[in-house]
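The opening residue of the first sequence carries number 39 in my numbering; numbering runs sequentially from there. Reading through the structure tokens given below for one structure.
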Amino acid sequence: MKPYEELAKAYEPKDVEKRWYEFWESEGLFSAQEKSGKPSYSIVIPPPNVTGMLHMGHALNATLQDILCRFHKLSGYNVLWMPGTDHAGIATQNVVERKLAAEGTDRHAVGREKFVERVWEWRKEYGGIIIKQLKRMGAMCDWPRERFTMDEGLSRAVRKVFVELYHHGLIYQGDYIINWCPRCRTALADLEVEHEPLAGHLYQITYPLAEGEGGLTVATTRPETMLGDTAVAVNPEDPRYSGFSGKRVKLPLTDRVIPVIADSYVDLSFGTGALKVTPAHDPNDFTLGQKHGLPSVKVIGDDGRMTEEAGAAYAGMDRFEARKKVVADLEALGLLQKIDKHEHAVGHCYRCKTIVEPNLSKQWFVRTKPLADLAIEAVRDGRTRIVPDTWNKTYFDWLENIRDWCISRQIWWGHRIPAWTCAACGQIIVEMEDPVKCPHCEGTELSQDTDVLDTWFSSALWPFSTMGWPDQTDLLHTFYPTSVLVTAFDILFFWVARMMMMGIWFLKDVPFRDVYIHALVRDAEGKKMSKSKGNVIDPLEVIDVQGTDAFRFTLAAFAAQGRDIKLSMERIEGFRHFINKLWNAARFALPHIHARPEAAAKKPASRSVLDRYILSRLSRVIAKVGPDIKEYRFNEAAGALYQFTWHEFCDWYLEAVKPILYQDCTDEEKDAAVNTLATVFQGVLTCLHPFTPFVTEELWQKLPQTEGSIMKASWPSSDDPETGIVADQEAEDTIALVVGVVTAVRNIRGEMNISPSAVLSASVRPSGEKDAAGLSRMAGMIKNLARLSELSVDGAAHRPKGSATAVFAGNEIFVSLSGVLDLAKETERLQKEIGKLDKDLSKTSAKLNNEDFLAKAPEEVRQKVVAQQEELAEKRDKLTATLDRIKEIQAVQ
RNA sequence: GGGCGAUUAACUCAGCGGGAGAGUGCUACCUUCACACGGUAGAAGUCGCAGGUUCAAAUCCUGCAUCGCCCACCA
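Quick look at the structure:
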């Protein structure tokens, strides 16, 4: 038997957290079984970037997953929480490039091979930071299985997927307009471009006709691109330009002559109705150019500077400098008609915020349509469920309008594209094994594509690549599809939709049964927290100040579905108080439990009403919290546990049980009370454990009747005669009566300014036989909780002289205040009470006087209102009678 | 341009067809043998505005206003 050690006066999280986390890890309590008779429950963590530092988003995300995992572990599942990190191509490359810059060098000087080595070194040194931080959150990840998207195994999965999709024609290479970041010097996917409204200008420029007088005036926001124009387009329906189609215009500032074409794409109402066409630098123009067989002239290079093709006057100039010069030059020629202010959305690189340039370039693409159709179908038919379902629409809209995915990046950190070109015959070779000679011409001079894959390409395989695919592992069989994916909506497209596509295509089954989309943690203005904005609250600071449990409980309590979370230290503090409350409840309970350890473990022959009441309340909490967690109503579960622990277990039960434990009672009574106390406290700890793992383990270890870690405990049943946790309405009703009478007496004390230490006497005229019996039985408890020396229950009782009156559920309560009763105050108190009743009565009688209500409202509603009306009226009558008598007394005086 | 969400007590937010709720803060009283990171009691809201549906609306519908977010190749 464990000896009882006194607890510190307040909960000190620091060393407790460290101690138990190390214990759990060393005991292997986070480990999943590859084969098990238990049902499986699995989650793959959204892999944080290796460059990442734990922020609020991670903290919330990890907390919710940990709650799910711990709950299911307690509920008897074989749980796998697969951890890992993402190599984060551009982000990580940028970090190491900045380091090189600080050393006065750059990646080109270092060379590709050495550079990649440097990144690996960086990863080795700093890549584990976020993992350590997740551990401080208490995350029960199966750490020995930790994966990294650039691991050998995951790289093999990437290779396999690329090769198969290529041979299915779902990956292709081609010259298209893509988004180009001139600073990162790489292509970006459409998703990786963030559109920000910018105050710009709309310039109107005249292109003179090549033959004859006059010209056409076009409008543009990017005048420098005119150097790459290869046509001007007008709408064939546009009367202003009938006859222009087929003519040619001189392109100013160049010596080129370009055609005027007609296309219904052109919007008559925008600008001048004439559109300059720059196929190399605008996606729409590119489409027009293809349709009309126009050439492409690339005037902006990969470095964001003008090319030779832009002409000698502009070549080498920065694109924005060139814009100024083009405008000035046009003005000098008298061809600039007008400059209007014009706000429009401009694309920025999501990694470095540089303005993105649409550029014609040879890139690799995934043909997404066939894959997207599978992903749509899986949600439509319910194989995967998105929670909350408000996100379905967003998910469908995006997938239905999906465009091909540009997956090649011109950086060095990432999965190298497994494509080789034969120098001899020009054939592309894409195979699982690195080719040594060309299968077409036997040529041996083969060069591998220099590009790497989009980071999200490997992320898309995460649910199965981490489990060993393409090998058919036990892990995969046991845990795929995963139970749920927990993530914020900001990566719904980047990641979730793509995992759906890849998972269904390659595994023939969805990657997860549920997708739970949680809130974003935002700053005070509702903005996304980000380092660059400097508006972050550091989770680690929160942990240091408030403790992990308080932090986690706060996050869970505010994680209402579909709503963002605004956090502040102050709000977390309230939950630290809650943890401390639990701690102090233990400080009270543990000595009593340790005093009778055998009673704590043995079911008593009978239990008091109080015992049955608190066990019943616990039963109801258990019945609510389990389903709440399963359905991702974390705030509901946390709220119910908070309410029960503080306001039922501590406020009422612990206060009421004290006399039994402290005073002269029989051993049987004390044993029964201790058993109940131990049972309920143990149940509270177990139910709270998913939310607050550290403090519950610490206290669990101090209970004499428990063995081993709380992580090995069982989630309690809400209906178990063995433990005594069963619903008992009669006990609940009886205690409700006690609570009502006690509260009424306390109210009189408060309102009449009677000291809490003053001992009073009271009598009750019960509403009927049932309450009379209940009140008589519970008189001891009522006296104790209301600090009464006497309590008489008498059906014929009259209001004693000089007493204050209250009514609860038809029971009239008289608190004797002889000598100290202030009649004016009592009058005021009663009038206030009657005023409230009148307000409520006016509502109920309005309903009952409404014929439509009587005719159409359901029977049960009508009965409820009638009962309400009767109770209110009865209470009002009793209080009014008292008030009248007081008035008589006052009249006499 | 399209879509989504929010608007409830001073603050932060639950509730989402039948008696307006919680936490924090506030007021009064209390250091009583778990806890002042506490206890007891109390004050505090025309549930954004205007219509509509319903016997009944904070809750459903429509419109408006304000705020926020996401998506989007109108030069």
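No residue lacks a Cβ here, since even glycine has one placed at the ideal position from N, Cα and C.
Tell me whether S606 is buried or exposed, calling it buried when 16 or more other Cβ atoms sit within 10 Å of its Cβ.
Burial call: exposed.
Looking at C-beta atoms only, is the number of pairs between the segment 854–861 and the segment 884–904 that lie closer than 8 Å three or more?
Too few Cβ pairs lie closer than 8 Å, so no.
Measuring alpha carbon to alpha carbon, tell me which of I542, F324, A643, T918 ends up nearest K708.
The residue with the shortest Cα to Cα distance from K708 is A643.
State the Cα-Cα distance for the pair W443 and D492, rounded to the nearest angstrom.
The alpha-carbon atoms of W443 and D492 are separated by roughly 10 Å.
What does a CB cutoff of less than 6 Å around G191 pick up in its chain, not counting 5 residues either side in sequence?
So the list is empty, once near-sequence residues are dropped.
Do the segment 697–706 and the segment 603–620 make contact, defined as three or more Cβ pairs closer than 8 Å?
Because the criterion of three Cβ pairs below 8 Å is not met, the segment 697–706 and the segment 603–620 do not touch.
Go ahead and label V899 buried or exposed: buried means 16 or more other beta carbons lie within 10 angstroms of its beta carbon, across all protein chains shown.
Per the 10 Å Cβ criterion, exposed.
Less than 8 Å separating the beta-carbons of I81 and W119?
Cβ distance < 8 Å, so I81 and W119 count as in contact.
Whole angstroms is fine: what's the gap from P220's alpha carbon to T724's?
Looking at the two C-alpha atoms, the distance is approximately 55 Å.
Does the distance from the CB of N673 to the CB of A598 come in under 8 Å?
Yes. Within cutoff.
Kindly identify the DSSP beta-bridge partner or partners of E381.
DSSP lists A237 as partners of E381.
For the alpha helix (DSSP H) that contains P635, what are its first and last residues?
Per DSSP, P635 belongs to the alpha helix (DSSP H) from 635–639.
If I'm right that L291 touches D367 with Cβ under 8 Å, what's the distance once you round it to whole angstroms?
About 6 Å separates the two Cβ atoms, so the contact holds.
Can you give the beta carbon distance from Y279 to V287, rounded, assuming they're within the 8 Å contact cut?
Between V287 and Y279 the Cβ distance is about 12 Å, and since that is not below 8 Å, they are no contact.
Can you say whether F729 is buried or exposed, counting buried as having 16 or more other CB atoms within 10 angstroms of its CB?
Buried, by the Cβ-count rule.
Where are the beta strand (DSSP E) runs, 3 residues long or more, that stay fully inside the segment 224–272, in chain order?
The qualifying runs are 224–226, 231–246, 253–258, 269–272.
With distances taken from CA atoms, which of L868, K407, E926 is nearest R914?
Ranking L868, K407, E926 by Cα distance to R914 puts L868 first.
From the DSSP output, read off the bridge partner residues of I296.
V287.
Please name the residue, chosen from D411, A370, I209, H233, that lies closest to I445 on a Cα-to-Cα basis.
Answer by Cα proximity: I209.
Which stretch, first to last residue, makes up the alpha helix (DSSP H) that contains P665?
First-last of the alpha helix (DSSP H) with P665: 647–668.
Below 8 Å on the Cβ atoms is my guess for Q739 versus A716; work out the distance and round it to an integer in Å.
That pair is no contact at about 14 Å.
Which residues does DSSP pair with N87 in a beta bridge?
DSSP, once it has assigned bridges, lists D124 as partnering N87.
Distance, Cα to Cα, A911 vs F891?
Each residue's alpha carbon lies about 20 Å from the other.
Helix, strand or coil for K336? Go by DSSP, reduced to three states.
Three-state result, K336: coil.
Do I243 and T259 have their CB atoms nearer than 8 Å?
Not a contact, by the Cβ cut-off of 8 Å.
Use the C-beta contact count for L932: other C-beta atoms within 10 angstroms, 16 or more gives buried, fewer gives exposed.
One cannot answer for residue 932 here, as it falls past the ends of the chain, which runs 39 to 931.
Could you pull the start and end residues of the beta strand (DSSP E) that P396 belongs to?
Element bounds for P396: 395–404.
Between D427 and D552, what straight-line distance do the alpha-carbon atoms span, to the nearest angstrom?
Spanning the two alpha carbons is a distance of roughly 11 Å.
List the residues that DSSP assigns as beta-bridge partners of W458.
According to DSSP, W458 bridges with I467, Q486.
For A844 versus I786, is the C-beta spacing smaller than 8 Å?
Yes, Cβ-Cβ distance for A844 and I786 is below 8 Å.
Just to confirm, are A800 and I851 a CB contact at a threshold of 8 Å?
Against a cut-off of 8 Å, the Cβ pair of I851 and A800 comes out as a contact.
Hey, could you find the ends of the alpha helix (DSSP H) V764 is sitting in?
Neither: V764 is in no alpha helix (DSSP H) and is coded neither H nor E.
So A382 and I393 are in contact, right, with Cβ under 8 Å, and what is the actual spacing, rounded?
The amino acid occupying residue 382 in the given sequence is His; Ala does not appear at that position. With a Cβ gap of about 12 Å, H382 and I393 do not count as contacting.
For a minimum of 4 consecutive residues, which ranges assigned as the alpha helix (DSSP H) are wholly contained in the segment 48–77?
If we require 4 residues or more, the alpha helix (DSSP H) runs fully inside the segment 48–77 come out as 51–64.
Over the uninterrupted alpha helix (DSSP H) stretch that includes Y433, give me the two end residues.
Segment 429–438, the alpha helix (DSSP H) holding Y433.
Should the segment 168–184 be regarded as contacting the segment 96–113, the criterion being three or more beta carbon pairs within less than 8 Å?
Because the criterion of three Cβ pairs below 8 Å is met, the segment 168–184 and the segment 96–113 touch.
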